[in-house]
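Using the numbering used here, you'd call the opening residue of the sequence shown number 16 and step up by one each time.
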Amino acid sequence: HDQLLDPTDQDNYDQADLDHDDYDQDDQVDRDQNSYPLFTQRETSLPQNKQPQKSLRPNKKPSTRAINNIDLNIQSRFVRVPNWVADQLARQLSPAEEKIFDQIWRLTVGFNREVWRGKIADLLIRTGYSSRATVTKAIAGLSALGLIRIEGRDTNPRGRSYRIVDRVKTINDQQKADQKPATRKSFDQKLDHPS
């Protein structure tokens, strides 16, 4: 019954699914002939819309999702994020907030700038989000947490100004942490009680 199938041949998979379904039906008949029923009286008296449904597998081909080639060799033109900042943010931010913060960090710190000026549409493109509401909510969350400061209006042709709050302090804290090895206790205290 087990056979090796060519992964590119969909007909073989469809036939194997049919063979497997036949095997399940034969097995069902054997179990029914034994002394125990598969369903109790209570289960069989459920209304028609509550009856267990047999799942049907659609004949879909595997997804052809692809990612553009990316060179992961870091030689130049990269942005550095302090480890403890990345660790702390991963625990406290929503995925959208983290993605937006990463982009604002890259567009400010990555280009040695204090401020990045852009529109929400720019962040939509950079993050891959399709919902303006998702990006707007993430920006509002980052601002409420005091991680970024926003100036201006999105209706301005150049967009709003985004700034990482206390960027210099954050980088200085990381440099101090790199010079002095942190114990587990002090690391946890820093995460739970950021200064």
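No residue lacks a Cβ here, since even glycine has one placed at the ideal position from N, Cα and C.
Rounded to the nearest angstrom, the gap between the Cα atoms of THR79 and ILE140 is 22 Å. By the C-beta density criterion, VAL150 is buried, having at least 16 other C-beta atoms within 10 angstroms.
A distance below 8 Å between beta-carbons, with the five flanking residues on each side excluded, links ILE163 to the following residues of its chain, in chain order: PHE116, ILE119, ILE154, LEU157, TYR177, ARG178, ILE179, VAL180. The DSSP-derived three-state label of SER176 is strand. Residue range 130–133 is occupied by the beta strand (DSSP E) that includes GLY133, with no alpha helix (DSSP H) assigned at that position. The residues TRP131, ILE179, in chain order, have a CB closer than 6 Å to that of THR123 in the same chain once the five nearest residues on each side in sequence are set aside.
Secondary structure of ARG141 (DSSP, three-state): helix. When the beta-carbon positions are compared, ARG147 and ILE135 come within less than 8 Å of each other. Annotation for ILE165: the continuous beta strand (DSSP E) segment containing it runs 163–166. Only residues of its own chain outside the window of five on either side were considered, and among them ILE165, GLY167, ASP169 have a CB closer than 6 Å to the CB of ARG175, listed in chain order.
In this structure, ARG95 is the residue among ARG106, ARG95, PRO110, GLU113 with its C-alpha nearest to the C-alpha of PHE126. Boundaries of the alpha helix (DSSP H) around GLY156: 147–159. Annotated as proximal: TYR144 and ALA111, with beta-carbon spacing under 8 Å.
Inter-residue distance for ASN83 and ALA101 is about 25 Å (C-alpha atoms, whole angstroms). Taking GLN194 as reference, the option from GLN90, PRO172, LYS152, PRO97 with the minimal CA-CA separation is PRO97.
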